[in-house]
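Reviewing the structure listed below.
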Amino acid sequence: MLDVKLLRQQPDIFAQCLKVKNYVLDVNEFLFLEAERKAAQTETERLQRERNARSKRIGAAKARGEDIAPLVAEVGDLGARLDAAKERLGQVQARLHDFLQQIPNLPDASVPEGRDEADNVEIRAWGRIPKFNFEPLDHVDLGVAGALDFAAAAKVSGARFVVMKGAVARLHRALTQFMLDIHVAEHGYTEVYAPYLVNSASLYGTGQLPKFAEDHFTVEGGELHLIPTGEVPVTNLYRDVILGAETLPIRHVCHTPCFRSEAGSYGKDTRGMIRQHQFEKVELVQVVAPDASWEGLEELTAHAEAILRRLELPYRAVVLCGGDLGFAAAKTIDLEVWLPGQGRYREISSCSNFLDFQARRMMARFRDPDRGAIDYVHTLNGSGLAIGRTLVAVLENFQDGAGRIHVPDALRPYMGGVATLDLSAGLGLSPPAS
RNA sequence: GGAGGGGUGGCUGAGCGGUCGAAAGCACUGGUCUUGAAAACCAGCGAAGCUGUCAAAGCUUCCCAGGGUUCGAAUCCCUGCCCCUCCGCCA
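Numbering (our numbering), first residue to last: 56 to 489.
Now the structure itself:
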């Protein structure tokens, strides 16, 4: 949600900024609704004031033991007029609210112009892209002996699901634990366990509603929704909260499954586990004072990058262009990992600064001791990292051409010391030491 | 699933249908006192929005949410949500 007061003052400047996000702000519609709102609100408040004054006089007269009948008669149709005014105000406010809810966040001035992901700008790259003396397989082929079983998942559930078995299932678990441990022990995040089903208010708070209702799953007959990302339950912890300044910055790490309907992505990434209805993610969330959010974005991005570096996975960081930027974000840095099976970089983390956009929607505030005032916090989040895609990256980058996967050093303690996974043996389970 | 109790300001907690946005205490902020601190005492202290160029000032709304009764609702009625206690079931 944007600052309405600022929007009123300079709607044209807002419209100009939103063009970078390919959003057309209907300034005339806004000005019309604002004029309506103002008229309706002043009229309603005027009638309320009159009613209050009259009621107060009746109360006073009654207290003095006087006959209140004439005073009551005098009220006349005030109630009816007030009801009508309230009705009108309610309607225009609802329209205005809807209008404002649909407007995306303003992109930061540093966000490059552009239409789609082809226009994103690389800001750094790390690691060496592996050279193989064989044709690298993608994860689907690497797991074909049974460790990654897409057919079984299709039978049990449908398309866009996976069943992992044996060593790969363990690798998946190991990655999760590894990431959580690093973020907690070394990056100063507090671990959080949160619900996977949330109410609509939470989805409004972080901006998944009202515009993107088709992107997530809603439980039939209920008002609960499967979370599309851990961002939703974790950021909403601070909905309707006024924080003490001393509690900032807040850093949370949370491992959750994520559920996405992937409506509108038919035919896209249908092979393998790049785009699934269900995947796991370790999410980083920060709640900070307004003057600390840009620093926070750099920091949070570096925390996500640290995981890739320790896993020795080559990646690059790109700044999303206006056209590719999400609804609520002012700026987003994507981390893209190299996938030999596809011969290209793929998104594995998305780190965003939302400024006060989410905070405004969810009334997440803090008490600023310097000014003695209450102000909105700034919120940030990023994947640290998406587990499924990290698994794919490990399998594809560390294959040896003979169906074996080299386990990166950092992960071995989480794999019971195992250095190599043999996927050719079916489930990739090492034969028992006999 | 059954029975009962309850949702009031940062917290605890009063509240009669009519100067109640709401007693009191705690916490917090400022002051007096003190070498300093504590204690004591004095004062202040909820949020959102609107009108106003700014400011001064004024107004409206908010006592879980949504309806209703009434000239007037924190207070009465209905519905929903949430919490607590006991019983049952249960990972």
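Built from N, CA and C at the ideal position, the CB exists for glycine as well.
Check: Limits of the unbroken beta strand (DSSP E) element including His-310; Outcome: 305-314
Check: Unbroken beta strand (DSSP E) run spanning Ala-419, endpoints; Outcome: 419-423
Check: Spatially closest choice to Ala-164 from Gly-201, Leu-137, Ala-385, by CA coordinates; Outcome: Ala-385
Check: 6 Å Cβ shell around Arg-415 - same chain, five flanking residues per side excluded; Outcome: Met-56, Tyr-431
Check: For Gly-439, the nearest candidate out of Glu-391, Gly-131, Ala-108, Tyr-78 (CA to CA); Outcome: Glu-391
Check: Helix, strand or coil at Thr-356 [DSSP, three-state]; Outcome: helix
Check: Rounded C-alpha distance that separates Ala-465 from Ala-474; Outcome: 11 Å
Check: Chain-order list of residues whose beta-carbon lies under 7 Å from that of Ile-362 (same chain, five-residue window excluded); Outcome: Met-234, Ile-237, Gly-439, Leu-440
Check: DSSP-derived helix/strand/coil call for Glu-105; Outcome: helix
Check: Closest by C-alpha distance to Phe-85, when choosing among Leu-102, Phe-453, Val-127, Gln-65; Outcome: Gln-65
Check: Nearest candidate by alpha-carbon position, reference Val-217, set Thr-231, Asp-171, Gly-201; Outcome: Gly-201
Check: Whole-angstrom distance between Glu-100 and Leu-61, CA atom to CA atom; Outcome: 23 Å
Check: Beta-bridge pairing of Ser-404 - partner residues as DSSP gives them; Outcome: Leu-390
Check: Under the three-state DSSP convention, the category Phe-189 falls into; Outcome: coil
Check: Option nearest Lys-186 by Cα separation, candidates Gly-396, Tyr-469, Met-328, Phe-421; Outcome: Gly-396
Check: Sequence ranges, alpha helix (DSSP H) only - wholly within the region 57-125, length at least 4; Outcome: 59-64, 66-74, 82-118
Check: Between the CA atoms of Phe-382 and Val-82 - distance to the nearest angstrom; Outcome: 19 Å
Check: Pro-283, buried or exposed, once every other Cβ within 10 Å from all chains shown has been counted against 16; Outcome: buried
Check: Supposed close pair Leu-281, Leu-252 - CB separation, criterion 8 Å; Outcome: 6 Å
Check: Identity of the residue in Ile-158, Ile-429, Lys-141 nearest Lys-93 by Cα; Outcome: Lys-141
Check: Sequence ranges, alpha helix (DSSP H) only - wholly within the region 255-293, length at least 4; Outcome: 255-261, 286-290
Check: Bridge partners - Phe-216, DSSP secondary structure assignment; Outcome: Answer is none; Phe-216 lacks a bridge partner.
Check: Beta-carbon proximity of Gly-182 to Glu-367, cut-off 8 Å; Outcome: yes
Check: Same chain, Cβ closer than 8 Å to Glu-105, neighbours up to 5 away in sequence not counted; Outcome: Leu-133
Check: Span of the alpha helix (DSSP H) around Ile-442; Outcome: 442-452
Check: Limits of the unbroken beta strand (DSSP E) element including Gln-333; Outcome: 333-343
Check: Cβ neighbour criterion (16 or more within 10 Å) applied to Ser-212; Outcome: exposed
Check: Reference Gln-103; option with closest CA among Ala-347, Glu-335, Ala-229, Leu-137; Outcome: Leu-137
Check: Contact check, Leu-88 vs Phe-154, beta carbons under 8 Å; Outcome: yes
Check: Residues near Gly-437 by beta carbon distance below 7 Å, same chain, minus five either side; Outcome: Leu-339, Leu-355, Thr-356, Ala-359, Ser-404, Ser-405, Cys-406, Ser-407
Check: Other residues of its chain near Cys-309: CB distance less than 8 Å, five sequence neighbours each side excluded; Outcome: Glu-246, Val-247, Tyr-248, Ala-249, Gly-285, Pro-288, Val-289, Val-337, Glu-338, Val-340
Check: Which residues DSSP lists as bridging Ile-460, in chain order; Outcome: Gln-454, Leu-476
Check: Rounded distance between the beta-carbons of Val-343 and His-433, thought under 8 Å; Outcome: 5 Å
Check: Delimiting residues of the beta strand (DSSP E) encompassing Leu-298; Outcome: 296-299
Check: Whole-angstrom distance between Asn-107 and Asp-67, CA atom to CA atom; Outcome: 40 Å
Check: Other residues of its chain near Val-166: CB distance less than 8 Å, five sequence neighbours each side excluded; Outcome: Val-75, Val-374, Leu-375, Cys-376, Gly-377, Leu-380, Ala-385, Lys-386
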